Amino acid sequence: MPELLGINHLTLGTPDLDRLVAFYTDLLGGSLSFHRAATPTEPRIAVIDVGGDDHLMFVETATTPSLEPDPLGPAG
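Numbering (full-length UniProt numbering), first residue to last: 1 to 76.
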């Protein structure tokens with residue numbers, strides 16, 4: 001098995017992208033490195049640089065995220 005050297009980014013869903021971006025930039029000091037407006041087929045997204053090579057990607061969803069974990073797919 002290959003050695004895991006790090007994680008480049010993590011993607012999370014949110015029903016309020018503006019509020020979440022403000023939290024990570026204004027309160028935690030991250031910087032907005034990418035933003036994409038919603039299209040008819042793709043959701044609105046934002047990428048926050050949290051230092052080093054680490055990023056958080058947020059996807060605006062139409063529903064509130066569930067507290068239950070998603071089932072694992074075939075990749076684990």
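The C-beta atom is built at its ideal place from N, Cα and C for all residues, glycine as well. No experiment lies behind these values; they were computed from the predicted model shown.
Other residues of its chain near residue i: CB distance less than 7 Å, five sequence neighbours each side excluded
i     : result
Leu17 : Arg44, Ala46, Phe58, Glu60
Glu42 : none
Ala37 : Arg44
8 Å contact criterion, which residue i and residue j should meet: CB distance rounded
i     : j     : result
Thr14 : Leu20 : 5 Å
Own chain, CB closer than 6 Å to residue i, minus 5 neighbours either side, in chain order
i           : result
Ser33       : Val47, Asp49
Tyr24       : Gly30, Ile48
residue 117 : Residue 117 falls outside the range modelled here, since the chain spans only 1 to 76, and no answer is possible.
Cβ shell of residue i (< 8 Å), same chain only, five flanking positions each side left out
i     : result
Pro40 : none
Asp53 : Gly6, Asn8
Ala62 : Pro15
Buried versus exposed, by CB contacts within 10 Å (16 or more), residue i
i     : result
Leu4  : exposed
Leu56 : buried
4 or more residues per run - each alpha helix (DSSP H) lying fully within the UniProt domain "VOC" (6 to 76): Taking only runs of at least 4 residues, the alpha helix (DSSP H) segments lying wholly in the UniProt domain "VOC" (6 to 76) are 17 to 22.
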